[in-house]
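Single-structure report; data block below.
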Amino acid sequence: MTIELKSASKVIRGVTHIKPTSLVLETGHFNVLLGQTGSGKTSLIKLMAGLDPLASGEIWMDGQNVSRLSTQKRNVSLVHQFFVNYPQMTVYDNIASPLRVAGMAKSEIQGRVEEAADILQLRPMLNRRPQELSGGQQQRCALARAIAKESRAVFLDEPLANLDYKLREELREQLPELFAGRGAVVVYATSEPEEALLLGGKTALMDDGVVTQYGTTAQIYRKPENLTAARVFSDPPINAARMSKVGDTATLDTGASWTVSGAAAGLPDGAYTLAIRPHHVTPVPAGTDYVKLSGKVLVTELSGSESSAHFQLGDDGWVSLAHGVHPYEVGEAHEFYMDASHAFYFTQDGKLVA
Amino acid sequence: MKTENQKAWFFVLPVLLLVAFNALVPIMTVVNYSVQETFGNNVFFWQGLDWFEQILRSDRFQAALGRQFLFTFLILIIEIPLGIIIALSMPKKGMWVPVCLVLMALPMLIPWNVVGAMWNIFTLPKIGLLGYFLNDVLGVSYDMTQNPFAAWVTIIVMDVWHWTSLVVLLSYAGLVSIPDAYYQAAKIDGASPWKVFRYIQLPKMKTVLTIAILLRFMDSFNIYTEPFVLTGGGPGNSTTLLSIDLVKIALGQFDLGPAAAMSLIYFAITLLVSWLFYTLMTKDDAQ
Amino acid sequence: MAKITLSNLRHSYMPNPTGPADYALKEIDLDWQDGGAYALLGPSGCGKSTLLNIISGLLTPSEGRILFDDRDVTDLPPDQRNIAQVFQFPVIYDTMTVRNNLAFPLRNRGVDEGRIARRVAEIAKMLEVEEMLDIRASHLSPDNKQKISMGRGLVRDDVNVVMFDEPLTVIDPHLKWKLRSKLKELHQRVRATMIYVTHDQTEALTFADQVVVMQDGEIVQIGTPVELFERPQHTFVGHFIGSPGMNVLPAEESGGAVSFQGNRITLEGAVTGQGGTTQVGIRPEFVSLAHSGLPARVSKVSDVGRHAVVEAVVGDTPVKAIVEGELPEQGAEVHLAFRPDHTRLYRDGWLSTENEGSART
Numbered sequence: 021m022t023i024e025l026k027s028a029s030k031v032i033r034g035v036t037h038i039k040p041t042s043l044v045l046e047t048g049h050f051n052v053l054l055g056q057t058g059s060g061k062t063s064l065i066k067l068m069a070g071l072d073p074l075a076s077g078e079i080w081m082d083g084q085n086v087s088r089l090s091t092q093k094r095n096v097s098l099v100h101q102f103f104v105n106y107p108q109m110t111v112y113d114n115i116a117s118p119l120r121v122a123g124m125a126k127s128e129i130q131g132r133v134e135e136a137a138d139i140l141q142l143r144p145m146l147n148r149r150p151q152e153l154s155g156g157q158q159q160r161c162a163l164a165r166a167i168a169k170e171s172r173a174v175f176l177d178e179p180l181a182n183l184d185y186k187l188r189e190e191l192r193e194q195l196p197e198l199f200a201g202r203g204a205v206v207v208y209a210t211s212e213p214e215e216a217l218l219l220g221g222k223t224a225l226m227d228d229g230v231v232t233q234y235g236t237t238a239q240i241y242r243k244p245e246n247l248t249a250a251r252v253f254s255d256p257p258i259n260a261a262r263m264s265k266v267g268d269t270a271t272l273d274t275g276a277s278w279t280v281s282g283a284a285a286g287l288p289d290g291a292y293t294l295a296i297r298p299h300h301v302t303p304v305p306a307g308t309d310y311v312k313l314s315g316k317v318l319v320t321e322l323s324g325s326e327s328s329a330h331f332q333l334g335d336d337g338w339v340s341l342a343h344g345v346h347p348y349e350v351g352e353a354h355e356f357y358m359d360a361s362h363a364f365y366f367t368q369d370g371k372l373v374a
Numbered sequence: 025m026k027t028e029n030q031k032a033w034f035f036v037l038p039v040l041l042l043v044a045f046n047a048l049v050p051i052m053t054v055v056n057y058s059v060q061e062t063f064g065n066n067v068f069f070w071q072g073l074d075w076f077e078q079i080l081r082s083d084r085f086q087a088a089l090g091r092q093f094l095f096t097f098l099i100l101i102i103e104i105p106l107g108i109i110i111a112l113s114m115p116k117k118g119m120w121v122p123v124c125l126v127l128m129a130l131p132m133l134i135p136w137n138v139v140g141a142m143w144n145i146f147t148l149p150k151i152g153l154l155g156y157f158l159n160d161v162l163g164v165s166y167d168m169t170q171n172p173f174a175a176w177v178t179i180i181v182m183d184v185w186h187w188t189s190l191v192v193l194l195s196y197a198g199l200v201s202i203p204d205a206y207y208q209a210a211k212i213d214g215a216s217p218w219k220v221f222r223y224i225q226l227p228k229m230k231t232v233l234t235i236a237i238l239l240r241f242m243d244s245f246n247i248y249t250e251p252f253v254l255t256g257g258g259p260g261n262s263t264t265l266l267s268i269d270l271v272k273i274a275l276g277q278f279d280l281g282p283a284a285a286m287s288l289i290y291f292a293i294t295l296l297v298s299w300l301f302y303t304l305m306t307k308d309d310a311q
Numbered sequence: 025m026a027k028i029t030l031s032n033l034r035h036s037y038m039p040n041p042t043g044p045a046d047y048a049l050k051e052i053d054l055d056w057q058d059g060g061a062y063a064l065l066g067p068s069g070c071g072k073s074t075l076l077n078i079i080s081g082l083l084t085p086s087e088g089r090i091l092f093d094d095r096d097v098t099d100l101p102p103d104q105r106n107i108a109q110v111f112q113f114p115v116i117y118d119t120m121t122v123r124n125n126l127a128f129p130l131r132n133r134g135v136d137e138g139r140i141a142r143r144v145a146e147i148a149k150m151l152e153v154e155e156m157l158d159i160r161a162s163h164l165s166p167d168n169k170q171k172i173s174m175g176r177g178l179v180r181d182d183v184n185v186v187m188f189d190e191p192l193t194v195i196d197p198h199l200k201w202k203l204r205s206k207l208k209e210l211h212q213r214v215r216a217t218m219i220y221v222t223h224d225q226t227e228a229l230t231f232a233d234q235v236v237v238m239q240d241g242e243i244v245q246i247g248t249p250v251e252l253f254e255r256p257q258h259t260f261v262g263h264f265i266g267s268p269g270m271n272v273l274p275a276e277e278s279g280g281a282v283s284f285q286g287n288r289i290t291l292e293g294a295v296t297g298q299g300g301t302t303q304v305g306i307r308p309e310f311v312s313l314a315h316s317g318l319p320a321r322v323s324k325v326s327d328v329g330r331h332a333v334v335e336a337v338v339g340d341t342p343v344k345a346i347v348e349g350e351l352p353e354q355g356a357e358v359h360l361a362f363r364p365d366h367t368r369l370y371r372d373g374w375l376s377t378e379n380e381g382s383a384r385t
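Next comes the structure, spelled out in structure tokens:
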């Protein structure tokens, strides 16, 4: 199974939601659409599901041009951020509903429903109604419906966004296993970079209705093609600053300088934008090859085992993320250490050069 | 893509046909009558706008229009606040909710001519329960067939009885849609019950109230059956509302031309006032 | 501002509760200091919202008392408790301007207009909403609406406590950290007693000096963010805080020695108590790949970018480790090492080892 977009675009009442996009999504791994709210993830999903018309281009599924097919005929499933179930039906009937619509035999329906219910641990709840279930169970019911249907493509539009933090973690861990070996193309939209990394597979970074980069998730995390992609794929936000390079020496506007090595050493002299992920900027020096920075701490945050500090570096807001708890004085200047060997260098128009 | 979009128009076709038969054809017929004079045998004479002028200048029309506005004005200023007050005092949760809703809906389920007949009998002196009670127990002189004031009070009370439920049900729907957090926040902010009404309930009910006012305006402005059955427009012409007058002209005197012109004026006034109401009430949202 | 005391608090939504299972709140005894920042953290249904509503007076507890500065307020309605609350969904008065929204709680209490104007200006500056003051509140974006709701909670400087009920639910993910830090900053400035209810550990740990972790209507641990992470008193706390949560592994205890899947485990200190179901708890951060140690087979490697979560099976029990640098292949045979000072025994869920470090001091 594949879904292929051939310069597909979407325009609604003169507003371009998706600029012409070409993309091939395959089965066997998760296809993550990663971007902030309003970047076009949901728009792209609706386009592929046939819920919105194409303005130009084509969509192919499995070698068949489906551009003009209605949603019903595309054989796809969609799981929404909100728990969409039929409230008046039992969990069993909810899962069975698309199969009944397809006119499947009763015995086969039962087999499929029970299989899906087993995978999602819904067996004891089959006779209950959705509103008697917890949020996590309701969303599992919606997922079971998508699985039982055995559709060609499953679209998951931020399915975990409305769940409790821990539930989200548990269900996210199960998701790739649920769909493994089912043959459907799985498309998963999220606004959280960490979620994309945990789900693995491939990721399409989206920004302003454009897919800025597509590839293996870990690979595009390590090598964002441009500054926009680097920004989309970083939480907390990636640190960036203007930098100039003369000979072997790189200098930030704030005056911090260091000797560049590796691929960056081969760059021609000139002005660049440096970007570095927050966990490579730490309050204690890590490794030997580090650059000392100083900035006023604006805000500190603690999440489980990690603490972050937002600080002012020249004109830019930077973030440091480190294991453990560190004593920051908000409003005071602190020293941070940047591991420059992990920095990205972009040209001034945002292209990755080293 | 293009061809698919064109096909969509076919789905609209039945509605277009329906609207044509329902509204356009009858209106055009009326327009046709309103500018001509006929003496039967399908012979027509061109009359221009004479009928319109005649109607607009006639004391009879102006009086009926005045009565019509008075009637609508009175029932609106009674039914809207009364409906809101009843809706506010209805339970929001529990077993009494369906009971209250059914009780509220009852008057609206009764056919209009039956309502008129019921109130007619109800208010008859000597026989009717209310008539007997007022005249013989309380000693108030009450006879709506003789006294214009009594007739007005009766048709207004009847309309309030018949239609306040509509305002209640709509307001109630608006009220129950307000999340609890708003009430809790207001409590914590120290807001008085009046402020809760003014700044939470009323704004949240605005949409449904707009609908309620429009519906009650249009219905009451076009009211015919109930007052016709109840008072027949009397005593004298004291409760002859526009619609009753119109029927008198059209069917009683068979003056088709003036009746048609009057219908169109009537229609125009209803449309104009409804539009005015709507624009005024939705003005804030457009900003 | 006030000190808050909850004493023997119990609550049931049923008219005649019979067993502990009928109670949404089981037995709460708490003292909250004046001016502190507290968080109530737990999954949905753990009773944290019930507790919040009892403190604000929207709910009367079945049993027990609530004291503000030793004054019993249990039977007082919300408006007489002198509190402020920010709700999950923004509550704004649609027809008013932002300015009037902020002034509303003050006007209702008859504060003079000059003072109102000063307070509103102060709060608007803190929240950075000064340029919106004359806009009608219904025209704002959800995050600005929520800012205004917060502003209304903070505008009175005489409140006993300001409460936040999952206030960031409707906020866009990439704006969340801004509001999160704004709240922290506000607390540091106004120094009111604040209670923040959430299921999100980052929000709780960022905001609060002291976090109250709740499960099934009970408080399982009260501690600073560091305490909760480093020394969870209960397996639930270990599981709920941290991402991924603490490894909780079945353990056998015999003659003072504790073993897991036949391997002897060195614990942080002496074991206390006896009997019950025993488990070993260790955070993935303190499990490492080593040349010797517990033999395991790698079942899953997920690369999160700044580190990887490696899941390895010991016997038939999966153990998670956070690994930086070189990553093993799936299926590889490895050895796991547990850092002894972070390896603890839990008995029926509760911590059952002594901390040698603290015992010495």
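Residue numbers (my numbering), protein chains in the order written: chain A, 21 to 374; chain B, 25 to 311; chain C, 25 to 385.
For glycine and all other residues, C-beta sits at the position ideal for the given N, C-alpha and C.
Here the structure is a predicted model, which means the values were calculated and not measured.
With the rule of 3 Cβ pairs closer than 8 Å, the stretch 344-361 of chain C counts as touching the stretch 316-325 of chain C. Not flagged as an interface residue toward chain B: C/VAL97, since no C-beta distance is shorter than 8 Å.
According to DSSP, residue pairing for A/ALA260 in a beta bridge involves A/ALA295. C/VAL358: member of the beta strand (DSSP E) spanning 357-362, first to last residue. Rounded to the nearest whole angstrom, the C-alpha separation of A/THR320 and B/VAL200 is 42 Å. Not a single C-beta of chain B is nearer than 8 Å to the C-beta of C/ALA145.
With a minimum length of 3 residues, the unbroken runs of beta strand (DSSP E) contained wholly in the stretch 235-305 of chain C fall at 242-247, 271-274, 276-278 and 281-284.
C/GLY43 and C/ASP372 have their C-alpha atoms some 21 Å from each other. Bounds of the beta strand (DSSP E) holding C/VAL325 are 318-327. When C-alpha distances from B/ILE79 are compared across B/LEU296, B/PRO282 and B/ALA209, the shortest belongs to B/PRO282. For the pair C/ILE107 and B/ILE101, the Cα-to-Cα distance works out to about 40 Å. Counting C-beta atoms within 10 angstroms of its own C-beta, C/ASP93 has fewer than 16 neighbours from the protein chains shown and is therefore classed as exposed. At a beta-carbon threshold of 8 Å, none of the residues of chain C lie near B/PRO217; the nearest stands roughly 11 Å away. Taking one beta carbon from each stretch, the stretch 69-82 of chain A and the stretch 25-44 of chain A have 3 or more pairs nearer than 8 Å; the two touch. For C/HIS198, the enclosing alpha helix (DSSP H) starts and ends at 197-214. Residues of chain C whose Cβ lies closer than 9 Å to the Cβ of A/PRO256 are, in chain order, TRP201. Taking 8 Å as the threshold, the shortest C-beta distance from A/VAL345 to chain C falls below it. Cβ atoms of A/PHE175 and A/ILE65 come within 8 Å of each other, at about 5 Å.
Nearest Cα to B/ARG91 within the set B/PHE45, B/LEU304, B/ASN246 and B/ALA274: B/ASN246.
In the assembly as shown, C/LEU33 is a buried residue. Its beta-carbon has 16 or more other beta-carbons within 10 Å. At a cut-off of 8 Å between beta-carbon atoms, A/VAL319 makes contact with chain C.
For A/GLU24, the beta-bridge partners assigned by DSSP are A/VAL44 and A/TRP80. Contact between C/GLN109 and C/ASP189 holds: their C-beta atoms lie close to 7 Å from each other, under 8 Å. In this structure the stretch 169-179 of chain B does not lie against the stretch 114-128 of chain B, because fewer than three pairs of beta carbons, one per stretch, are closer than 8 Å. By the Cβ rule, the stretch 361-370 of chain A does not count as touching the stretch 220-227 of chain C, because fewer than three pairs are nearer than 8 Å. Bounds of the beta strand (DSSP E) holding C/ASN32 are 28-35. In this chain, the alpha helix (DSSP H) harbouring B/ASN144 covers 136-147. For C/ASP118, the nearest CB of chain B lies under 8 Å from its own CB, placing it at the interface with that chain.
At least one CB atom of chain C sits nearer than 8 Å to the CB of B/ALA205. From the listed residues C/GLY329, C/PRO364 and C/THR367, the smallest Cα separation to C/GLY349 is found for C/GLY329.
The Cβ atoms of A/ALA285 and A/LEU53 do not sit closer than 8 Å to each other. Residue environment analysis places A/PRO288 among the exposed positions, since fewer than 16 neighbouring C-beta atoms fall within 10 angstroms of its C-beta.
Taking a beta-carbon distance threshold of 8 Å, C/GLN225 counts as an interface residue toward chain A. Going by DSSP, B/LEU158 is part of no beta strand (DSSP E) at all; its letter is neither H nor E. Looking at the DSSP output, C/PRO342 sits in a beta bridge with C/VAL337.
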